[in-house]
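Q: Per our numbering, the sequence shown runs over residues 1271 to 1344.
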Amino acid sequence: MEKQNYKIMVLLHSADGMAWQSPPKGTSLKTLSEAEEQGFILIRGEFQKRQFRLTGLGSDYVERDKRRLEARRL
């Protein structure tokens, strides 16, 4: 998996539901922008006050990935 895609997956999995929230520390603007371009998140605010939330697509993607990871553990 490409490094940037890995960062996007970490960002998506860090989301606490679909409410507006601050991105985890160390999340770059590039990672946020790429996740938004792919339709996984919405972004609001500027610089340090930037917040994100999952879109329906992002939420579905995270749920599928969590189920896939759980199936691997079994």
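In this text, a Cβ means the ideal position worked out from N, Cα and C, and glycines have one as well.
1) I'd like the span of the alpha helix (DSSP H) that includes L1327, first residue to last.
2) Over the uninterrupted beta strand (DSSP E) stretch that includes R1314, give me the two end residues.
3) I'd like the span of the alpha helix (DSSP H) that includes S1303, first residue to last.
4) Give every residue of the same chain whose Cβ lies closer than 8 Å to the Cβ of Q1321, excluding the five residues on either side of it in the sequence, and list them in chain order.
5) Excluding the 5 residues flanking S1284 on each side, which residues of the same chain have their C-beta closer than 6 Å to its C-beta?
A: With the structure as the only source:
1) Secondary structure note for L1327: its alpha helix (DSSP H) is the uninterrupted segment 1326-1343.
2) Run containing R1314: 1311-1314, per the beta strand (DSSP E) assignment.
3) First-last of the alpha helix (DSSP H) with S1303: 1299-1307.
4) So the qualifying residues of the chain are W1290, Q1291, S1292, P1293, I1313, R1314, G1315.
5) Contacts found: P1294.
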